[in-house]
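Participant: Numbering (our numbering), first residue to last: 96 to 321.
Where a beta carbon is used, it is the ideal one built from N, C-alpha and C, also for glycine.
Mind looking over this structure? Questions follow.
This is how it looks when you write it as C-alpha cells:
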C-alpha cells in the first residue's frame with residue numbers, strides 16, 4: 096500500500112521539475128512547514144494489528160542557518176481507530192495523540208529545485224484512548240503520557256522562490272507499550288508478553304508544504320525581481 100502512495104506522490108510532484116530552469120537557488124532561512132500523512136502501526140503487535148491509522152498532521156516552524164543546520168519546534172496530531180475485525184469482541188473507538196516537539200536537522204537545496212530536510216523530532220506526547228468498552232467499565236478515557244521521538248526525512252521540490260512541496264517519511268516512537276486492555280478488552284488476544292512490551296510506534300508516509308518567510312535566491316533566474 097505504501098509503495099503505491101509513494102509512487103502517486105512522486106508522479107504528482109514530477110511536473111515541479113519542469114520549473115527548475117526558471118528557479119533561482121533558494122537559501123532557506125526561517126520557514127513554516129506543515130506535513131500531512133497516513134500513519135501505520137509498527138513493531139507492537141496489538142497496536143500494529145488492531146489499530147488503523149487514519150490521519151497524521153504536523154505544523155512546525157524552523158530556522159535554518161547558512162551551514163544547513165535547522166532548529167525548530169512544532170506540534171503533531173494523530174488518530175488511530177479500532178479495527179473491529181481484528182478482535183474477538185465488538186469494540187469501537189480509537190486513540191487520539193498530540194505531541195509538542197523540538198526539531199534538530201539539516202536542510203539543504205542541492206540545486207535550483209531539489210532539497211532534502213533530514214531531522215529528528217523529540218518531545219512529549221499525550222495520548223487519549225476512548226472506546227465504548229472502556230466507558231462500559233466506568234472509564235471515560237484512558238490517558239497515556241510519554242516521551243516521543245521521530246526521525247524524519249523530506250524530499251523537497253521548489254514551486255517558487257519562497258515555497259516548496261515535499262514527500263515526507265517519518266517513524267514516530269511513543270514510549271509506552273500498547274496492550275489490548277487499553278481498549279477495555281479483558282484478554283491478551285494471544286499476544287506474548289514480549290510483544291505487549293514493545294513500544295508503540297508508527298510509520299508515516301505523506302506530503303508537506305514549506306513557506307520560506309525570508310527565502311532568497313542566490314542568483315537571478317527570471318523571477319522578475321529587481
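Would you call the segment 203-219 and the segment 187-195 in contact, with 3 or more CB pairs under 8 Å?
Facilitator: yes
Participant: Could you please give the first and the last residue of the uninterrupted beta strand (DSSP E) stretch that includes residue 244?
Facilitator: Position 149 of the chain shown, counting from 1, holds the residue named residue 244. Where residue 244 is concerned, the enclosing beta strand (DSSP E) stretches over 237-255.
Participant: Classify residue 105: buried if its beta carbon has 16 or more other beta carbons within 10 angstroms, exposed otherwise.
Facilitator: The residue labelled residue 105 in the question sits at position 10 within the chain shown. Its pLDDT being 48, under 50, residue 105 is placed unreliably in this model, and the coordinates cannot settle the point.
Participant: Kindly indicate which residue of 262, 283, 263 has the alpha-carbon position closest to the one of residue 272.
Facilitator: If you number the chain shown from 1, residue 272 lands on position 177. Checking every option, the nearest Cα to that of residue 272 belongs to 283.
Participant: How is residue 302 classed by DSSP in three states: helix, strand or coil?
Facilitator: Residue numbering aside, residue 302 sits at position 207 when the chain shown is read from its first letter. Residue state, collapsed to three classes: strand.
Participant: Measuring only the C-alpha atoms, how far is residue 166 from residue 233?
Facilitator: The count along the chain shown starts at 1 and reaches residue 166 at position 71. The count along the chain shown starts at 1 and reaches residue 233 at position 138. Taking the straight line from one Cα to the other gives about 44 Å.
Participant: According to DSSP, what are the bridge partners of residue 260?
Facilitator: Sequence index remark: in the chain shown, residue 260 carries index 165 (1-based). For residue 260, which the question treats as bridged, DSSP gives the partners 252, 304.
Participant: Let's test the definition: count the other Cβ atoms within 10 Å of the Cβ of residue 295 and tell me whether it reaches 16, buried, or not, exposed.
Facilitator: Numbered from its first residue, the chain shown carries residue 295 at position 200. Label assigned to residue 295: buried.
Participant: Buried or exposed for residue 303, going by 16 or more other Cβ atoms inside 10 Å?
Facilitator: The residue given as residue 303 occupies position 208 in the chain shown. Counting Cβ neighbours within 10 Å, residue 303 comes out buried, since at least 16 surround it.
Participant: Using a Cβ-Cβ cut-off of 8 Å (strictly less than) and excluding sequence neighbours within five positions of residue 290, which residues of its own chain qualify?
Facilitator: One-based indexing of the chain shown puts residue 290 at position 195. These residues qualify, in order along the chain: 139, 140, 141.
Participant: By a C-beta neighbour count over all protein chains shown, 10 Å radius and 16 as the cutoff for buried, is residue 207 buried or exposed?
Facilitator: The residue labelled residue 207 in the question sits at position 112 within the chain shown. By the neighbour-count rule (16 or more Cβ atoms within 10 Å), residue 207 is buried.
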